[in-house]
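2 protein chains.
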Amino acid sequence: VAEKRTSRQPEILLEIGPGRGPLHVQIERALRDALRDGRIASGAAVPSTRVMARQLGVSRGVLVEAYEQLIAEGYLVTRPGSRTRVADGVRPLPRQAPVAAFPSVRFDFRPGLPDVTHFPRDAWSRASRRVLRELAAAQLSYGDARGAFELRAALVEYLGRARGVLGVPEAVVICTGFAQALGVIARALYRRGVRRFAVEDPGHPDQRRILAGAGLAVVGVPVDDQGLRVDRLERVAAQAVLVTPAHQFPSGIVLSAERRRDLLAWAASHAAIVVEDDYDAEYRYDRKPVGALQGLAPERVVYAGSASKLLAPALRLGWLVVPPAWAEVTAQIKKDADLGSSTLEQLVYADFLQTGELDRHLRRMRTIYRSRRDALLRALTRHCPRWTPSGVAAGLHLVAGLPAGRDDAELARAALGRSVRVYPISDYRFKTRGPAGLVLGYAGLTEREISEAVARLAGIGG
Amino acid sequence: VAEKRTSRQPEILLEIGPGRGPLHVQIERALRDALRDGRIASGAAVPSTRVMARQLGVSRGVLVEAYEQLIAEGYLVTRPGSRTRVADGVRPLPRQAPVAAFPSVRFDFRPGLPDVTHFPRDAWSRASRRVLRELAAAQLSYGDARGAFELRAALVEYLGRARGVLGVPEAVVICTGFAQALGVIARALYRRGVRRFAVEDPGHPDQRRILAGAGLAVVGVPVDDQGLRVDRLERVAAQAVLVTPAHQFPSGIVLSAERRRDLLAWAASHAAIVVEDDYDAEYRYDRKPVGALQGLAPERVVYAGSASKLLAPALRLGWLVVPPAWAEVTAQIKKDADLGSSTLEQLVYADFLQTGELDRHLRRMRTIYRSRRDALLRALTRHCPRWTPSGVAAGLHLVAGLPAGRDDAELARAALGRSVRVYPISDYRFKTRGPAGLVLGYAGLTEREISEAVARLAGIGG
Numbered sequence: 001v002a003e004k005r006t007s008r009q010p011e012i013l014l015e016i017g018p019g020r021g022p023l024h025v026q027i028e029r030a031l032r033d034a035l036r037d038g039r040i041a042s043g044a045a046v047p048s049t050r051v052m053a054r055q056l057g058v059s060r061g062v063l064v065e066a067y068e069q070l071i072a073e074g075y076l077v078t079r080p081g082s083r084t085r086v087a088d089g090v091r092p093l094p095r096q097a098p099v100a101a102f103p104s105v106r107f108d109f110r111p112g113l114p115d116v117t118h119f120p121r122d123a124w125s126r127a128s129r130r131v132l133r134e135l136a137a138a139q140l141s142y143g144d145a146r147g148a149f150e151l152r153a154a155l156v157e158y159l160g161r162a163r164g165v166l167g168v169p170e171a172v173v174i175c176t177g178f179a180q181a182l183g184v185i186a187r188a189l190y191r192r193g194v195r196r197f198a199v200e201d202p203g204h205p206d207q208r209r210i211l212a213g214a215g216l217a218v219v220g221v222p223v224d225d226q227g228l229r230v231d232r233l234e235r236v237a238a239q240a241v242l243v244t245p246a247h248q249f250p251s252g253i254v255l256s257a258e259r260r261r262d263l264l265a266w267a268a269s270h271a272a273i274v275v276e277d278d279y280d281a282e283y284r285y286d287r288k289p290v291g292a293l294q295g296l297a298p299e300r301v302v303y304a305g306s307a308s309k310l311l312a313p314a315l316r317l318g319w320l321v322v323p324p325a326w327a328e329v330t331a332q333i334k335k336d337a338d339l340g341s342s343t344l345e346q347l348v349y350a351d352f353l354q355t356g357e358l359d360r361h362l363r364r365m366r367t368i369y370r371s372r373r374d375a376l377l378r379a380l381t382r383h384c385p386r387w388t389p390s391g392v393a394a395g396l397h398l399v400a401g402l403p404a405g406r407d408d409a410e411l412a413r414a415a416l417g418r419s420v421r422v423y424p425i426s427d428y429r430f431k432t433r434g435p436a437g438l439v440l441g442y443a444g445l446t447e448r449e450i451s452e453a454v455a456r457l458a459g460i461g462g
Numbered sequence: 001v002a003e004k005r006t007s008r009q010p011e012i013l014l015e016i017g018p019g020r021g022p023l024h025v026q027i028e029r030a031l032r033d034a035l036r037d038g039r040i041a042s043g044a045a046v047p048s049t050r051v052m053a054r055q056l057g058v059s060r061g062v063l064v065e066a067y068e069q070l071i072a073e074g075y076l077v078t079r080p081g082s083r084t085r086v087a088d089g090v091r092p093l094p095r096q097a098p099v100a101a102f103p104s105v106r107f108d109f110r111p112g113l114p115d116v117t118h119f120p121r122d123a124w125s126r127a128s129r130r131v132l133r134e135l136a137a138a139q140l141s142y143g144d145a146r147g148a149f150e151l152r153a154a155l156v157e158y159l160g161r162a163r164g165v166l167g168v169p170e171a172v173v174i175c176t177g178f179a180q181a182l183g184v185i186a187r188a189l190y191r192r193g194v195r196r197f198a199v200e201d202p203g204h205p206d207q208r209r210i211l212a213g214a215g216l217a218v219v220g221v222p223v224d225d226q227g228l229r230v231d232r233l234e235r236v237a238a239q240a241v242l243v244t245p246a247h248q249f250p251s252g253i254v255l256s257a258e259r260r261r262d263l264l265a266w267a268a269s270h271a272a273i274v275v276e277d278d279y280d281a282e283y284r285y286d287r288k289p290v291g292a293l294q295g296l297a298p299e300r301v302v303y304a305g306s307a308s309k310l311l312a313p314a315l316r317l318g319w320l321v322v323p324p325a326w327a328e329v330t331a332q333i334k335k336d337a338d339l340g341s342s343t344l345e346q347l348v349y350a351d352f353l354q355t356g357e358l359d360r361h362l363r364r365m366r367t368i369y370r371s372r373r374d375a376l377l378r379a380l381t382r383h384c385p386r387w388t389p390s391g392v393a394a395g396l397h398l399v400a401g402l403p404a405g406r407d408d409a410e411l412a413r414a415a416l417g418r419s420v421r422v423y424p425i426s427d428y429r430f431k432t433r434g435p436a437g438l439v440l441g442y443a444g445l446t447e448r449e450i451s452e453a454v455a456r457l458a459g460i461g462g
């Protein structure tokens, strides 16, 4: 144990010793701590440098240096002809009460989450190393607020191939996840005069909040078994609409060919913008995915996607493919928000697209998710035969329709008692009512877990 | 060369061949392309599947599958009793005109940029590998919008040690660079009723734009040789103020001890908030840095910093240390913006802090930047002896005051003619006038480049 020298006074006790850095720095730190935790009160005089130096057994110069630093920082004040004192207002910081932890359950059917345990860590690590080795130094500085050109170009190629999206890198804006992407396009629309924005009902409440936060009046349009009721858009006087054509969230319905046509006709005749949230379209199990709506009308449709369901939400990578006429205003809004998202991860993701790592990962995950979906369907048939699954062809969740008279919120509460979390579709409804159902995300549970969780649900009235 | 089969018709030419994926996918893609580039017009009938199959020499089933896909996607429409046609409104996407490149110069004294050629790529790569190996799978999912706990805790430790900041991880919010951090705290202040926000004049115009974008009325307060004129805050009825105490931007002045005290007294008596932009305080050459103002009044001061000048702007890592009473509203605003910044880079930066890599990097860079500052001072003395440098003790830039009567904007324009970019301080002024000067960022130029660039400036009137 190092020898310690202490200065004991009515007001003050400092500990300093060898191996803890320069003496004056140690003294400054110790004094700061003593001031902050209230051991020396505001306004109180501190010992003179001479007294303090003698007590600590150090040279007076060390104390003078420490006091000068604390005076410059404002902790101590000195006035001609009077003693150095503790400045007014130096006060300890209260600790914040710890936040109550979210109650954890054994089985969580939370929709919209991929199985992150399969995240390709080694491949990501290798790609990171490649990127760090090869990037130009200029790419480490401030860049284009729209994002790294490499990623914008790679996305145009990938989305063209996998989703039928028609874009140019100049009109792609990389964002921090879909959440920011939606906020950015909402603000761009607002800036160009859009005030009434339609959303699907049911839909994601967070998205309604993001749109409202951009100043937009959010109006709901019901969804039926063909998807969005396009005929209602005129009635609500919408100037833009957010849709999930490939797999409506949360109902799972695929927008029918007729409705796709009607939607684009509405957009064309009203000079309106369609925002296409293509959140899980890469996962389709029984047939090829329906291509993105955007490819049909790239001048009317904003395409939005993210890496959250393809790889991991923690990457916070999302993107907008906007009509060229919207590229400038959208880029400006993104620039005002944060000058652009992190470059390194963009370059790593571009590498993932270019080297086919993403395709490999998706092939692997599709097989896993299909098995889990099948396990969920089997378990429902066995344990909850009166529930009717829908929206099963794609994505990472399905909806289990409940028999007439059942209350989905009540059932969800009862399920919590058995340590199973399910998501009542009523929580996603905006203005309309509709049949009761449970949104069941199956991507994060193993087949065995799915089977046991559904068996537990049976016990409360499946 | 692979054998190609083509279908030639008045309207259509498709190329398909082996080795390009399943036939029906090839046909879909080729048809989509033909529709989009206008080779087949909207409303035109497409050949029947029978005719098309015969022409391409493939089975009719393949064509049926391809057409069905394009009907589901909305490219083609079919009505009972009539031929399949191209949907209305399928139109090619115009290329956007390329953006004019920023005119590049040989020597750029842009302030606020570190020398990214020294970015520790290997160390960052090693830290990334460590993080990817060790992180819990749950960290790849959605996380706390405030950021990874590991980074918040590491920052509290580092900022306490290096900057005298007093914080708790619960009240730290990680953002996408300082730009987003300022926008987030501005919105938090607005939500709690702040409407008039004071900034230093001169100061950064981008920051004024960010504050105004949050709905705040931005008022300027002049800076003199002791820093912010605190006595003016009352006159402008400010409810909050943004300051750069360690090295005022762009003047380089250090806020005096008296002004620090006055500023905190003003904040206390007006229940106001001080936002401290500590953008380059780690770089101080002639004495120890003055500790952050925040440590004196952690309940009144929001501390804001970023990795942009410490490591690289491309990381887009910034942070806010807010008073505990402000933690919740600030976290909510960050959550609404994007649900949180990218986790992996946060963890890598936390690793950098914990393993001392950042300290090592800063020690190396301080030496380099000090030499560059000295080279700039020598060159100014030699070539422009009538210019008066100030704000030289810290940071990555200084200000060269011009002799009376010289116009800084005019001089900057003339310098461009010699391929030297300098930054007139008048560009940073908001409402006040003041002496002419050039803001010279020296971090990104070598000593030899600095010397040559200043020699060129001499030629236009140094």
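Heads up: the protein sequence lines correspond to chains W and B, in order.
If you read the first sequence in the working numbering, its first letter stands for residue 1, the second for the next number, and so on.
If you read the second sequence in the working numbering, its first letter stands for residue 1, the second for the next number, and so on.
Built from N, CA and C at the ideal position, the CB exists for glycine as well.
These numbers were taken from a predicted model, which means no experiment stands behind them.
Problem - Distance CB(Ala443 (chain B))-CB(Thr343 (chain W)) smaller than 7 Å - result: Looking up residue 443 (chain B) in the second sequence gives position 443. Looking up residue 343 (chain W) in the first sequence gives position 343. No. Outside cutoff.
Problem - Helix, strand or coil at Ala393 (chain W) [DSSP, three-state] - result: Sequence index remark: in the first sequence, residue 393 (chain W) carries index 393 (1-based). It is coil, neither helix nor strand.
Practice task
Kindly provide the ranges of any alpha helix (DSSP H) runs that are 4 or more residues long and lie completely inside the segment 155-204 of chain B, ordered along the chain.
Solution key: Counting only runs of 4 or more, we get 177-191.
Handout entry: Where the segment 202-224 of chain B meets chain W: residues whose CB sits under 9 Å from a CB there
Key = For the segment 202-224 of chain B, the beta-carbon criterion of a distance under 9 Å to any beta-carbon of chain W is satisfied by Asp206, Arg209, Ile210 and Gly213.
Practice task
Within its chain, find whatever has a CB closer than 8 Å to the CB of Thr355 (chain W); leave out the 5 residues flanking it on each side and keep chain order.
Solution key: To locate residue 355 (chain W), count along the first sequence from 1; it is residue 355. The residues are Ala127.
Exercise for the section: Quick one: grab the DSSP three-state call for Phe352 (chain B). Expected result: Here residue 352 (chain B) is taken as the residue at index 352 of the second sequence, counted from 1. Assignment of Phe352 (chain B) by DSSP, reduced to helix, strand and coil, places it in the helix class.
Exercise for the section: Could you tell me whether the segment 180-187 of chain W touches the segment 405-425 of chain W, where touching means 3 or more Cβ pairs closer than 8 Å? Expected result: In this structure the segment 180-187 of chain W does not touch the segment 405-425 of chain W; the number of beta carbon pairs closer than 8 Å is below three.
Practice task
Can you grab the Cα-Cα spacing for the pair Ser256 (chain B) / Ala393 (chain B), in whole Å?
Solution key: If you number the second sequence from 1, residue 256 (chain B) lands on position 256. If you number the second sequence from 1, residue 393 (chain B) lands on position 393. Rounded to the nearest angstrom, the two C-alpha atoms are 14 Å apart.
Practice task
State buried or exposed for Glu15 (chain B), treating a residue as buried only when at least 16 other CB atoms are found within 10 Å of its CB.
Solution key: Looking up residue 15 (chain B) in the second sequence gives position 15. Taking a 10 Å sphere around the C-beta of Glu15 (chain B), we find fewer than 16 other C-beta atoms and assign the residue as exposed.
Practice task
Evaluate contact between the segment 327-344 of chain W and the segment 167-181 of chain W, counting only Cβ atoms and requiring at least three cross-stretch pairs below 8 Å.
Solution key: Cβ pair count under 8 Å is three or more, so yes.
Practice task
Kindly list, in the order they appear in chain B, the residues whose Cβ is closer than 8 Å to that of Gln69 (chain W).
Solution key: As a working mapping, residue 69 (chain W) is identified with position 69 in the first sequence. Chain-ordered, the chain B residues with CB closer than 8 Å to the CB of Gln69 (chain W) read Lys288, Val290 and Gly291.
Problem - Stretch-stretch touch, CB-based, cutoff 8 Å, three pairs: the segment 193-206 of chain W with the segment 227-238 of chain W - result: Look at the beta carbons and you see the segment 193-206 of chain W touching the segment 227-238 of chain W: at least three pairs across the two are nearer than 8 Å.
Exercise for the section: Step through the CB atoms of chain B and report whether any lies within less than 7 Å of the CB of Asp336 (chain W). Expected result: Translated into the one-based positions of the first sequence, residue 336 (chain W) becomes position 336. Chain B, which has a Cβ nearer than 7 Å to the Cβ of Asp336 (chain W), makes this yes.
Practice task
Under 8 Å Cβ to Cβ from Tyr190 (chain B), same chain only, skipping five residues before and after it: list those, please.
Solution key: As a first step, residue 190 (chain B) is located in the second sequence; it is residue number 190 there, counting from the start. Here Tyr190 (chain B) has Ala214, Gly215 and Leu216 as same chain residues with Cβ atoms under 8 Å from its own Cβ, once five neighbours each way along the sequence are excluded.
Exercise for the section: Identify, in the order they occur along the chain, each residue of the same chain with its Cβ nearer than 6 Å to the Cβ of Gln294 (chain W), setting aside the five sequence neighbours on each side. Expected result: Within the first sequence, the letter at position 294 stands for residue 294 (chain W). Setting aside the 5 residues that flank it on each side, Gln294 (chain W) is surrounded in the same chain by Val165, Glu276, Val301 and Tyr303, each with a C-beta closer than 6 Å to its C-beta; the list follows chain order.
Problem - Expected contact under 8 Å - CB spacing of Val156 (chain B) and Pro324 (chain B) to nearest Å - result: One-based indexing of the second sequence puts residue 156 (chain B) at position 156. One-based indexing of the second sequence puts residue 324 (chain B) at position 324. That pair is no contact at about 12 Å.
Handout entry: Minimum Cβ-Cβ distance from Ser451 (chain W) to chain B less than 7 Å
Key = Start at 1 with the first residue of the first sequence, and residue 451 (chain W) comes out as number 451. No, Ser451 (chain W) does not count as interfacial toward chain B.
Exercise for the section: Could you name the residues of the same chain whose beta carbon sits closer than 7 Å to that of Val99 (chain B), not counting the 5 residues immediately before and after it, in chain order? Expected result: Position 99 of the second sequence holds residue 99 (chain B). Reliability fails at Val99 (chain B), whose pLDDT of 48 lies under 50, so the model's placement of it is uncertain and no value is given.
Exercise for the section: Verify the contact flag: Val302 (chain W), CB atom, against every heavy atom of the ligand NAD, threshold strictly below 6 Å. Expected result: No copy of the ligand NAD appears in this structure; indeed no ligand is present at all.
Exercise for the section: Within the same chain, show all residues whose beta-carbon is closer than 6 Å to that of Asp262 (chain B), passing over the 5 residues directly before and after it, in chain order. Expected result: Reading the second sequence from its first residue, position 262 is the one you call residue 262 (chain B). Only Val230 meet the Cβ criterion.
Problem - Contiguous alpha helix (DSSP H) assignments of at least 4 residues, all confined to the segment 22-97 of chain W - result: Taken in chain order, the complete alpha helix (DSSP H) segments of 4 or more residues contained in the segment 22-97 of chain W are 23-36, 49-56 and 60-73.
Exercise for the section: Note down, one range per segment and in chain order, each beta strand (DSSP E) of at least 3 residues found wholly within the segment 298-330 of chain W. Expected result: Runs found: 301-306 and 317-321.
Practice task
Could you have a look at Gly147 (chain B) and say whether DSSP puts it in helix, strand or coil?
Solution key: One-based indexing of the second sequence puts residue 147 (chain B) at position 147. Gly147 (chain B) falls in the coil class under three-state DSSP.
Exercise for the section: Look at Val116 (chain W) and Ala136 (chain B) and say whether their C-beta atoms are less than 7 Å apart. Expected result: Residue mapping note: residue 116 (chain W) aligns to position 116 of the first sequence, counting from 1. Residue mapping note: residue 136 (chain B) aligns to position 136 of the second sequence, counting from 1. For Val116 (chain W) and Ala136 (chain B), no; Cβs fall outside 7 Å.
Problem - For Glu68 (chain W) and Val77 (chain W), the rounded distance between their alpha carbons - result: Translated into positions along the first sequence, residue 77 (chain W) becomes position 77. Translated into positions along the first sequence, residue 68 (chain W) becomes position 68. Whole-angstrom Cα-Cα distance: 10 Å.
Exercise for the section: Determine, using beta carbons only, whether Arg448 (chain B) comes closer than 7 Å to chain W. Expected result: On the second sequence, position 448 is the one that residue 448 (chain B) refers to. By the rule that beta-carbons nearer than 7 Å mark a contact, Arg448 (chain B) does not touch chain W.
Practice task
Specify the secondary structure class of Ala20 (chain B) as computed by DSSP and reduced to three states.
Solution key: Here residue 20 (chain B) refers to the residue found at position 20 of the second sequence. Per the sequence presented here, residue 20 (chain B) reads as Arg, with Ala not at that position. Arg20 (chain B): coil per DSSP, three-state reduction.
Practice task
Output, in chain order, the set of chain B residues within a Cβ distance shorter than 7 Å of Trp124 (chain W).
Solution key: Mapped onto the first sequence, residue 124 (chain W) falls at position 124. Going along chain B in sequence order, the residues near Trp124 (chain W) (Cβ under 7 Å) are Leu132.
Practice task
Pull up the distance between the alpha-carbon of Ala123 (chain W) and that of Glu357 (chain W), whole angstroms please.
Solution key: The residue labelled residue 123 (chain W) in the question sits at position 123 within the first sequence. The residue labelled residue 357 (chain W) in the question sits at position 357 within the first sequence. For Ala123 (chain W) and Glu357 (chain W), the distance between alpha carbons rounds to 7 Å.
Problem - CB contact check: Leu140 (chain W) to chain B, cutoff 7 Å - result: Taking the first sequence and counting its residues from 1, one reaches residue 140 (chain W) at position 140. Closer than 7 Å to some Cβ of chain B, the Cβ of Leu140 (chain W) qualifies, so yes.
Handout entry: Below-7 Å beta-carbon distance, Gln96 (chain W) vs any chain B residue
Key = As a working mapping, residue 96 (chain W) is identified with position 96 in the first sequence. Interpretation of Gln96 (chain W) is limited by its pLDDT of 48, a score under 50 that renders its predicted location unreliable; no figure is taken from the coordinates.
Practice task
Can you tell me which of B:Ala267, B:Val348, B:Leu211 and B:Ala181 puts its alpha carbon nearest to the alpha carbon of Arg130 (chain B)?
Solution key: Taking the second sequence and counting its residues from 1, the one referred to as residue 130 (chain B) is at position 130. Shortest Cα-Cα distance from Arg130 (chain B) to any of B:Ala267, B:Val348, B:Leu211 and B:Ala181 involves B:Val348.
Practice task
Starting from Gln180 (chain W), find everything on chain B with Cβ-Cβ shorter than 7 Å and list it in chain order.
Solution key: Along the first sequence, read from residue 1 onward, the residue named residue 180 (chain W) stands at position 180. Using a Cβ-Cβ cut-off of 7 Å, Gln180 (chain W) is close to Ala337 and Asp338 of chain B, given in chain order.
Exercise for the section: Examine chain B for any beta-carbon lying closer than 7 Å to the beta-carbon of Ala312 (chain W), and answer yes or no. Expected result: In the first sequence, residue 312 (chain W) corresponds to position 312, counting from 1. With 7 Å as the cut-off, Ala312 (chain W) counts as an interface residue toward chain B.
Exercise for the section: Drop a sphere of 10 angstroms on the beta-carbon of Gly57 (chain W), count the other beta-carbons inside from all chains shown, and report buried for 16 or more, exposed for fewer. Expected result: Reading the first sequence from its first residue, position 57 is the one you call residue 57 (chain W). Gly57 (chain W) is exposed by the Cβ-count criterion.
Practice task
Please name the residue, chosen from B:Arg378, B:Arg366, B:Leu296 and B:Gly17, that lies closest to Ser451 (chain B) on a Cα-to-Cα basis.
Solution key: For the purposes of this step, residue 451 (chain B) is taken as the residue at position 451 of the second sequence. Residue B:Arg378 is the option with its Cα nearest to Ser451 (chain B).
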